Structures are given as structure tokens and as C-alpha cells.
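Below is one structure, written out as C-alpha cells; the observations come after it.
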Amino acid sequence: MAANPVLSAPDGDRLDKALGSLDFMVSVDPYLNETSRHAQVVLPPPPPSQSPHHDFVFNAFAVRNQVRYNRPALPLEPGRMAESEILARLTLAATGMHGADPGAVDALAVEQTLAKAVRDPDSAAYGRDPGELAGLLTGESGPERRLDLMLRLGPYGDGFGARPDGLTLAALLAHPHGIDLGPLRPRLPGPLKTRSGQVELLPAPLAADLPRLRAARAERPAGLVLVGRRHLRSNNSWMHNVPALTGGSNRCTLHLHPEDAERLGVLDGADVRVKGAGGEVVAPAEVTDAVRPGVVSLPHGWGHGRPGTRLGHAATTPGVNVNQLLDGSLLDPLSGNAVLNGIPVELTAVLPGESN
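According to my numbering, the sequence shown is numbered sequentially starting from 1.
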């Protein structure tokens, strides 16, 4: 779904081959990119102008409480599915219910949420009839009814009539530019799920990992180490296909400290070969003191231009895939996440006439 792990995950070439061996693959993506090119079926969602929007993710980072919901500015073309319908139909197909009404997915979500809420003593819906509450929900679609449910049960909601001035979908629709809910409020210890009921600054798993960390600090690589970076206009690989976001300082270059450049005989703008545990790439050097001596940096998400993609603009400046330098089997022991930074690499200048 709208992802490009062939470029954004370690050992992308191996994943690329694995995806090509699948019997069937479906992608929900507006682009035919390095990953979705393997799909037998690509389902592009409508653009933002034809999609409703309520910000679930970034409201968590807001510095003031506010809420807004916008219906699509433009209608869908005949026969085109909303993104929610695409996902609902895929859910039904994956659970053996292909052909069922996609609204059944939303209805089930509402049913399960209300069943839990009416049993929760801290919920405004506690002890009430879930069927009655479901009948009070409004909205033109299943997703709107689910949003109405979440608003009503939320900390600012009307609690299905318990707080008449609280939030509902109807209230949001009456205020298309949003509703200011005031400054942030203290929430702790409510959201904490720790056994102690407190913020655990040094939980046992982290404490147990400290000896390994100390040992690792004493075994630092003698040569160069690689770190990634992201440009403001290049947070994700798909942004390289938007002309207005490319060019200028948004380039796929290897940042290299002047001291290291002089020691290795690398000139600013010259091609350098970078070799890591997962492979090697060639990129132009950008000599800069933005990195420390002993550290080099390649940006995330580049390496476009593979056969079968339709990223016309991105292919004009493809760059190289930094993740191809990484060992995909190298994981952080504590979290299980792939190791993406602090990777030992070797650097050599590409001589004139030498093949890339």
C-alpha cells in the first residue's frame, strides 16, 4: 500500500527478485514504482481533491487541540472507487467474502467498537444498548459513520447525548475550517500501559542491553561509516517524481568531509564508489563540513529508472539506492529493526573512463 520497500528497505535487490517470483501481487498505489511494478493488479486511489480527509496522524503532533473534516472537493468519476472501498473490497477478498457489500467492513468495525465501549466503565457509552447507539450515527458513508463514532466516544465528543455541546460529525460539517479545542491538556497517567503506571525511563529490556551497547562503542570501525539523510523535499521516494520538489539542493550526492576527501583524493563533484556489506554504488561526491570526519551520507529513497516503472520525471535523475549498501540480515538485537545507520563502508575514487 503506497510503499516502495524495494528502495526503502535494506537489500532491495533481493526483495525485488522475491516480489518478481510471487504468483500474485496487488498494490494500492498511484504510481507504478520499483515495488508496484511487480503487481498483477495496481489499484490507484483517487487524488486528494476527490477524497475525504480527517487527520488522524499529524494531530498527534499538534501544539494545540483542533479538529477538522473535509469532504471531497470533486466527485468521483463514474465507476471509480473511493480508497476506503478499495481497501474494504480487498479485506473481503482476503477473508473469503469476495463479492459481499464493502459496507459490511465498516458495519463490523462499528459493531465491535460499540460492543467494547458499552462494557467500559470509563466510556460515555457504558451500559447503553449498542444497537441504539449505532442507529444514532450519521454520515453519507461507512467511513463517515465510523468517524462520527470516534468523535462521539472521544475526549471532546458528545458521548451520544451525555455532553450536548460535544463533537459529532454534524458539528464538524458545520465548521468546514475546523474547530479550535483549546490548548493541550495533561493526560498522564491515563494513557500509560506500563505495569508500574508510571513513565519508565529505563525499562528492564533497555537496561539489560546496556552491556552490549558499551561493548559496541569500544569496537567502532576504523574506517568510514555511512549514515542516511532526508531532504525537506525528499522525505519519500515518490516525491522524486514531482518536478516542483526536485532540483537545487535536493540531489543524490555523497556527503563527505573535506579532511576525508583530501585523504582519499576525492574532488567535489567527482564520482566515488561506495562499497558496503550489501553491495556497492557509485555517486557524485559533495564535499561538505555538514558531516563529521569519518562519516559519509547518502540520501534515502533514490535509485529510480528500473524497467517496468512509470516514473518519468524521477528517471531523469535516478540517483542510487543507499539501502543496497546495507546487510539486510543485520538487525538491532533489542528492537529487531534493520540497522540503517553507522554502517562501515569503503570509498574509492572512480577514475576517468572507469565503468560505473
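We put the beta carbon where it would ideally sit given N, CA and C, even for glycine. These numbers come from a predicted model, not from an experiment.
Query, Result
"With 16 other Cβ atoms within 10 Å as the buried cut-off, status of Y386", "A question about residue 386 goes unanswered here, because the residues of the chain that appear run from 1 up to 356."
"contact_flag[the segment 233-243, the segment 303-318] where n(CB pairs < 8 Å) is 3 or more", "yes"
"Sequence-distant residues of the same chain with beta carbon closer than 7 Å to N236, five excluded per side", "G301"
"Buried or exposed by the 16-neighbour rule on C-beta atoms within 10 Å, applied to L206", "exposed"
"Reduced DSSP category for G161 - H, G, I as helix; E, B as strand; rest coil", "helix"
"Burial state of L226, where buried means 16 or more other Cβ atoms lie within 10 Å", "buried"
"CB contact flag (D106, G154, <8 Å)", "no"
"Identity of the residue in H255, T253, S36 and R233 nearest T246 by Cα", "R233"
"Opening and closing residue of the beta strand (DSSP E) in which K275 lies", "D271 to G276"
"Outcome for V57 when other beta-carbon atoms lying within 10 angstroms are tallied against a minimum of 16", "exposed"
"Separation of P47 from V272, as counted between CA atoms", "40 Å"
"Cβ pair D129, G139 closer than 8 Å", "no"
"Status (buried if at least 16 other CB within 10 Å, exposed otherwise) for R37", "buried"
"Check: D16 C-beta below 7 Å from any heavy atom of the ligand GDP", "Annotation note on the ligand GDP: not contained in the displayed structure, which lists no ligands."
"Stretch-stretch touch, CB-based, cutoff 8 Å, three pairs: the segment 320-327 with the segment 6-24", "yes"
"Inter-residue spacing [alpha-carbon to alpha-carbon] between A338 and D327", "9 Å"
"Under 8 Å between C-beta atoms of Y156 and L167", "yes"
"Beta-carbon proximity check, V296 vs L334, cutoff 8 Å", "no"
"Anticipated Cβ contact below 8 Å, A82 with L92, distance rounded", "That belief does not hold up - the Cβ atoms of A82 and L92 are roughly 15 Å apart, past 8 Å."
"Three-state class that DSSP yields for G228 in the structure shown", "strand"
"Alpha-carbon spacing of H98 relative to L87, whole angstroms", "12 Å"
"Residue interval of the beta strand (DSSP E) (run including L388)", "Past the edges of the chain, shown from 1 to 356, lies residue 388, and the structure says nothing about it."
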